[in-house]
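S.K.:
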Amino acid sequence: MTIKGILAAFGLVLMSAATQADQLQIAAGTIYGLGSGRTQLNCGTLAVNGTLLGQTGVGAGLGNVQIQGGLLQGDAATFLVSGTWNNAGTFEAGSSTVKMTGACTSSLVIAGDNRFCTLEVDAPGATLSFPGGTTWATCKLVLKGAPGAPLKIVSAGPQSRVCVPNGEIEASDVTINGAAVSVSNCAPPVPVTGPWALALLMLGLAGLGGLTLRRAVGRR
2 MTIKGILAAF
12 GLVLMSAATQ
22 ADQLQIAAGT
32 IYGLGSGRTQ
42 LNCGTLAVNG
52 TLLGQTGVGA
62 GLGNVQIQGG
72 LLQGDAATFL
82 VSGTWNNAGT
92 FEAGSSTVKM
102 TGACTSSLVI
112 AGDNRFCTLE
122 VDAPGATLSF
132 PGGTTWATCK
142 LVLKGAPGAP
152 LKIVSAGPQS
162 RVCVPNGEIE
172 ASDVTINGAA
182 VSVSNCAPPV
192 PVTGPWALAL
202 LMLGLAGLGG
212 LTLRRAVGRR
């Protein structure tokens with residue numbers, strides 16, 4: 002029996018990756034695989050109620066990613082997002098990369114509890130908001146603005162955290178606004194020594210609005 006036949010026996014459908022669309026809805030009971038190809042949205046919404054397998058593909062031009070009770074399995078895929086990433090379901094990052102840019106909007110949002118592998122936000126002049134929850138970057142965190150056009154990080158929720166437990170951190174031309182935002186390794190507590198400890202602590206002191214990081218941290 003083929004893979005499709007096996008899935009059909011359990012009431013599931015495996016779909017192939019589309020080439021281009023304005024939006025993509027993964028319905029409940031549906032499995033959608035990016036394969037090794039590229040799914041291109043026109044700044045539209047990717048809504049996951051079923052299962053999305055990232056495999057080794059690329060999801061590009063994603064205006065919003067809404068995991069609405071379904072499963073997004075990152076595998077080794079790359080997701081290019083400009084808008085809101087909201088996890089209200091299950092996100093299994095694998096070795097995937099989520100890269101947020103200002104291609105569709107200058108208002109970026111990461112909502113819910115998310116455990117990314119690599120999270121890159123390369124969006125000069127944009128605002129990145131964390132309404133609540135904990136955002137983990139277990140492999141690498143990159144925050145990039147540009148001289149004269151910093152990436153502005155704010156929080157609308159009192160319990161927002163960004164955690165990099167063991168990974169690498171790079172930050173340049175970033176301003177922190179809003180006392181609720183803290184950036185640290187979360188577990189164990191932020192170290193008080195080391196080449197990047199000061200930068201972590203500075204990011205955690207979000208009340209110092211206007212603080213700008215102009216060098217990469219996390220490297221010796």
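Quick note, the numbering used here runs 1 ahead of the 1-based positions in the sequence shown.
Think of the CB as a built atom: it goes at the ideal place given N, C-alpha and C, for glycine as much as any other residue.
Please return the same chain residues whose Cβ sits closer than 6 angstroms to the Cβ of N87, not counting the five positions on each side in sequence.
M.R.: Residue numbering aside, residue 87 sits at position 86 when the sequence shown is read from its first letter. Correct list, in chain order: Q67, A112 and G113.
S.K.: Any contact of the segment 119-138 with the segment 59-74, i.e. 3+ C-beta pairs under 8 angstroms?
M.R.: no
S.K.: From the DSSP secondary-structure annotation, give me the bridge partner or partners of Q74.
M.R.: Counting from one through the sequence shown, the residue named residue 74 turns up at place 73. Per DSSP, L54 and E93.
S.K.: Is the beta carbon of G60 less than 9 angstroms from the beta carbon of L42?
M.R.: Residue numbering aside, residue 60 sits at position 59 when the sequence shown is read from its first letter. Residue numbering aside, residue 42 sits at position 41 when the sequence shown is read from its first letter. Taking C-beta atoms as the reference points, G60 and L42 count as a pair closer than 9 angstroms.
S.K.: Which same chain residues, not among the five before or five after R39, have their C-beta less than 7 angstroms away from its C-beta?
M.R.: Walking along the sequence shown from the start, residue 39 turns up at place 38. Closer than 7 angstroms at the Cβ level, and outside the excluded window around R39, lie G58, V59 and A61.
S.K.: List the endpoints of the continuous beta strand (DSSP E) containing L35.
M.R.: Reading the sequence shown from its first residue, position 34 is the one you call residue 35. Here L35 belongs to no beta strand (DSSP E), and DSSP marks it neither H nor E.
S.K.: Compare the C-alpha of P151 against each of L120, T135, T102 and F131 and name the closest.
M.R.: Against the sequence shown, residue 151 aligns to sequence position 150. Residue nearest to P151 within the set L120, T135, T102 and F131 is T102 (criterion: CA-CA distance).
S.K.: For P148, tell me which candidate among T176, W137 and C140 has the shortest Cα-Cα distance.
M.R.: In the sequence shown, counting from the first residue as 1, residue 148 sits at position 147. Closest option to P148, Cα to Cα, is T176.
S.K.: Closest to G90 by C-alpha separation, out of A48, S37 and G55, would be which residue?
M.R.: On the sequence shown, position 89 is the one that residue 90 refers to. Nearest of A48, S37 and G55 to G90, Cα basis: A48.
S.K.: Measure how close the beta-carbons of G95 and G75 come, nearest whole angstrom, since I'm counting them as under 8 angstroms.
M.R.: Your numbering for residue 95 matches position 94 in the sequence shown. Your numbering for residue 75 matches position 74 in the sequence shown. About 4 angstroms separates the beta carbons of G95 and G75, which is inside the 8 angstroms limit, making them a contact pair.
S.K.: Thinking C-alpha only, which one of C105, T98 and F92 is nearest G84?
M.R.: Indexing the sequence shown from 1 puts residue 84 at position 83. Of the candidates C105, T98 and F92, the one whose C-alpha sits nearest the C-alpha of G84 is C105.
S.K.: What is the rounded straight-line gap between the Cα of R116 and the Cα of P132?
M.R.: Here residue 116 corresponds to residue number 115 of the sequence shown, with the count starting at 1. Here residue 132 corresponds to residue number 131 of the sequence shown, with the count starting at 1. One C-alpha to the other measures close to 16 angstroms.
S.K.: Helix, strand or coil for V165, going by three-state DSSP, please let me know.
M.R.: Taking the sequence shown and counting its residues from 1, one reaches residue 165 at position 164. Collapsing the DSSP output to three states places V165 in coil.
S.K.: Among residues of its own chain, excluding the 5 on either side of S37, which ones have a beta-carbon nearer than 8 angstroms to its beta-carbon?
M.R.: Along the sequence shown, one-based indexing puts residue 37 at 36. Excluding residues within five positions, the ones whose Cβ falls inside 8 angstroms are Q56, T57 and G58.
S.K.: DSSP three-state label for A150, please.
M.R.: Stepping through the sequence shown from its first residue, residue 150 is reached at position 149. Of the three classes helix, strand and coil, the one that applies to A150 here is strand, per DSSP.
S.K.: Is C1 near K145, with beta carbons less than 9 angstroms apart?
M.R.: With the chain running from 2 to 221 in the structure shown, residue 1 is simply not present.
S.K.: So, for L53: in the same chain, excluding its five sequence neighbours on each side, which residues have a beta-carbon less than 6 angstroms away from its beta-carbon?
M.R.: Position 52 of the sequence shown, counted from the start, is the residue given in the question as residue 53. Only I27, Y33 and L73 meet the Cβ criterion.
S.K.: Comparing alpha-carbon positions, which option in P166, R162, T31 and F92 lies nearest G134?
M.R.: For the purposes of this step, residue 134 is taken as residue 133 along the sequence shown, with counting starting at 1. Out of P166, R162, T31 and F92, R162 has the C-alpha closest to the C-alpha of G134.
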